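Residue numbers (my numbering): 141 to 304. Even for Gly, the Cβ is constructed at its ideal location relative to N, Cα and C. Note that the structure is a prediction, hence the values are computed from the model and not measured. What follows is one structure encoded as structure tokens, with my remarks underneath.
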């Protein structure tokens, strides 16, 4: 099993601290809304609630990713989401190569709002390139007939032709 772990200090600043700030801002804006019914406060409350839900309840920003031959596991805040590869029928990745970040959707029609969507900031994990490439390769392996996969094949073959 390969274990990828988010750097602790980065995880605290980029994920946990943002969630805590949103809790404080949300509580303050609830107070402001009750006090004066400011519509801007209501918008801020909704944005903060969404961010807190993504941070602490839906595991959208995992602290650890464990991968073995049979499953992938996402962990953070004592919560665990595990997917057996045999049960995954839809594995989609939106990659951001400049920042080594991926947005992963697993079985998007089966999961609810609290499961199946993950932002993985590979740059801040150990073995960042390996983890980033694993997600791209897994999507290619599961969906070889997509336009994205065919483009990848063309790009790989053209880069091999240039090397010759």
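Enclosing beta strand (DSSP E) for residue i [first to last residue]
| i | result |
| --- | --- |
| residue 224 | 219-224 |
Bridge partners - residue i, DSSP secondary structure assignment
| i | result |
| --- | --- |
| residue 205 | 144 and 214 |
| residue 278 | Bridge partners of residue 278: none, in fact. |
| residue 196 | DSSP, once it has assigned bridges, lists no residue as partnering residue 196. |
| residue 241 | 236 and 261 |
Assigned secondary structure, residue i (DSSP; H/G/I helix, E/B strand, else coil)
| i | result |
| --- | --- |
| residue 246 | strand |
| residue 234 | strand |
Option nearest residue i by Cα separation, candidates the options
| i | options | result |
| --- | --- | --- |
| residue 184 | 268, 163, 270 and 154 | 163 |
| residue 144 | 172, 260, 243 and 277 | 260 |
| residue 221 | 211, 230 and 229 | 211 |
| residue 226 | 182, 208 and 284 | 208 |
| residue 230 | 282, 186, 142 and 293 | 282 |
| residue 258 | 249, 142 and 245 | 245 |
CB contact below 9 Å: residue i versus chain B
| i | result |
| --- | --- |
| residue 219 | The chain inventory of the structure shown lacks chain B, comprising one protein chain alone. |
Proximity below 9 Å, CB of residue i to CB of residue j
| i | j | result |
| --- | --- | --- |
| residue 205 | residue 213 | yes |
| residue 203 | residue 233 | no |
| residue 240 | residue 277 | no |
| residue 235 | residue 275 | yes |
| residue 198 | residue 255 | yes |
| residue 189 | residue 201 | no |
| residue 223 | residue 247 | yes |
N- and C-terminal bounds of the alpha helix (DSSP H) containing residue i
| i | result |
| --- | --- |
| residue 173 | 157-176 |
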